[in-house]
Amino acid sequence: MFYGQNSAGELIMCKSGECYWNDCKTAGYNKHRMKMNADKESHVMNWVYYGKLYTTKFQAGCFAKRLEQDAWLFGYGDPQVVEVYRSRKGRYGVRYIP
524 MFYGQNSAGE LIMCKSGECY WNDCKTAGYN KHRMKMNADK ESHVMNWVYY
574 GKLYTTKFQA GCFAKRLEQD AWLFGYGDPQ VVEVYRSRKG RYGVRYIP
């Protein structure tokens, strides 16, 4: 059995290859059920952060869309999730889960 927390703060509980994702630990209900392959070493998803920070959210959003489209156009592995985040200093960056 595996207990953990993903980067969004959601609780992950794995038992015999099934993962349950809860929006709130106190809610007591399962919003999503996600099948995980039992032979994988780790169920925790790791974000990949792009190295450049942008001054506006618009610039980061444009790069995020380009990242999604480049993967589709040039045959790279599509990222599962692409997200714009804000740094502590107020600049914007792009992160994704491969």
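Residue numbering for the sequence shown follows the working numbering, starting at 524 and increasing by one per position. Virtual Cβ for every residue (Gly too), placed ideally from N, Cα, C.
Pick from the options that is closest to residue i, judged by C-alpha positions
i, options, result
"Arg-611", "Tyr-577, Trp-570, Met-568", "Tyr-577"
"Lys-575", "Trp-595, Gly-584, Ala-594", "Gly-584"
"Gly-613", "Asp-593, Lys-588, Thr-579, Trp-570", "Thr-579"
Cut-off 8 Å between Cβ atoms - residues of its own chain near residue i, not counting five sequence neighbours on either side
i, result
"Leu-590", "Tyr-573, Pro-602, Val-605, Val-617, Tyr-619"
7 Å Cβ cutoff met for residue i and residue j
i, j, result
"Val-607", "Tyr-599", "no"
Classification of residue i by the beta-carbon crowding that lies within 10 angstroms, buried from 16 upward
i, result
"Lys-554", "Interpretation of Lys-554 is limited by its pLDDT of 35, a score under 50 that renders its predicted location unreliable; no figure is taken from the coordinates."
"Cys-547", "In this prediction, Cys-547 scores a pLDDT of 37, lower than 50, which makes its location untrustworthy; no coordinate-derived value is stated."
Cβ neighbours of residue i in the same chain (closer than 6 Å, five flanking residues each side left out)
i, result
"Phe-586", "Val-617"
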